[in-house]
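The numbering of the sequence shown is my numbering, which starts it at 856 and goes up by one. Shown next, in structure tokens, is the structure this report addresses.
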Amino acid sequence: MSRATSHPELSVQEKQMTEAAQPSRLVVTQDSRLRLPRHIKLRHDQGRGKWLILAPERVFEPDEISVEVLKLCDGERSVSEIAQKLAADYQAPVDVILTDVIAMLQDLADKGVLKS
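Right under this line is the structure:
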């Protein structure tokens, strides 16, 4: 391999700078304990008759099930505990609920709406 096409190793300082510049992705698991950050609010808009997630320069319109899940995201309950409560409330299999809840929460976490 010639020097022109090889990739020189990054120095320790360059690696640290590169890692610091990349935002870390929150990965939602059944053990995650999630909540809305202080700057993001879940509010009911009386005029529209809809729930909204209000974030800086963004607004999301969650569906009814998402609202129920988000109301339970208090930073205390695990995702598994939330799924168990919903499964009991809706008389549905907990494994199906857990899979759906993790997928929905991961989508919101990827949008920056949730934190652990």
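Every residue gets a Cβ at the ideal spot worked out from N, C-alpha and C, and that includes glycine.
Item to check | Cβ neighbour criterion (16 or more within 10 Å) applied to SER921 | outcome: Sequence index remark: in the sequence shown, residue 921 carries index 66 (1-based). The residue is buried, with at least 16 neighbouring Cβ atoms inside 10 Å.
Item to check | Cut-off 7 Å between Cβ atoms - residues of its own chain near PRO892, not counting five sequence neighbours on either side | outcome: As a working note, residue 892 is residue 37 in the sequence shown. Hits under 7 Å: LYS970.
Checklist entry - With SER887 and VAL934 assumed to form a contact (beta carbons below 8 Å), what rounded beta-carbon distance in angstroms separates them? => result Counting from 1 along the sequence shown, the entry for residue 887 is found at position 32. Counting from 1 along the sequence shown, the entry for residue 934 is found at position 79. About 5 Å; that satisfies the 8 Å criterion.
Item to check | C-alpha gap between ARG903 and LEU927, whole angstroms | outcome: Position 48 of the sequence shown holds residue 903. Position 72 of the sequence shown holds residue 927. Distance between the alpha carbons of ARG903 and LEU927 is about 23 Å.
Checklist entry - In whole angstroms, what is the alpha-carbon distance linking ASP965 and ASP944? => result As a working note, residue 965 is residue 110 in the sequence shown. As a working note, residue 944 is residue 89 in the sequence shown. Approximately 27 Å between the Cα atoms of the pair.
Next on the checklist: Please report the straight-line C-alpha distance between TRP906 and PHE915, rounded to a whole angstrom.
Outcome noted: For the purposes of this step, residue 906 is taken as residue 51 along the sequence shown, with counting starting at 1. For the purposes of this step, residue 915 is taken as residue 60 along the sequence shown, with counting starting at 1. One C-alpha to the other measures close to 9 Å.
Checklist entry - Which word fits ALA938, buried or exposed, when buried means at least 16 other C-beta atoms lie within 10 angstroms of its C-beta? => result Residue mapping note: residue 938 aligns to position 83 of the sequence shown, counting from 1. Under this definition ALA938 is a buried residue.
Checklist entry - What first and last residue would you give for the alpha helix (DSSP H) that runs through ILE937? => result The residue you call residue 937 lines up with position 82 of the sequence shown. Its alpha helix (DSSP H) spans residues 934–945.
Checklist entry - Once you ignore the five residues that flank VAL883 on each side, which residues in its own chain have a CB closer than 6 Å to its CB? => result What you label residue 883 is simply residue 28 of the sequence shown in a count that begins at 1. Excluding residues within five positions, the ones whose Cβ falls inside 6 Å are ILE957, LEU960, GLN961, ALA964.
Item to check | Alpha carbon of SER857 to alpha carbon of LEU881, nearest angstrom | outcome: Here residue 857 is taken as the residue at index 2 of the sequence shown, counted from 1. Here residue 881 is taken as the residue at index 26 of the sequence shown, counted from 1. Since pLDDT at SER857 reaches only 47, below the 50 mark, its modelled position is unreliable, and the value read off the structure follows with that caveat. Cα-Cα distance, rounded: 39 Å.
Item to check | Helix, strand or coil at VAL914 [DSSP, three-state] | outcome: Here residue 914 refers to the residue found at position 59 when the sequence shown is read from its first residue. In this structure, VAL914 counts as strand in the three-state DSSP scheme.
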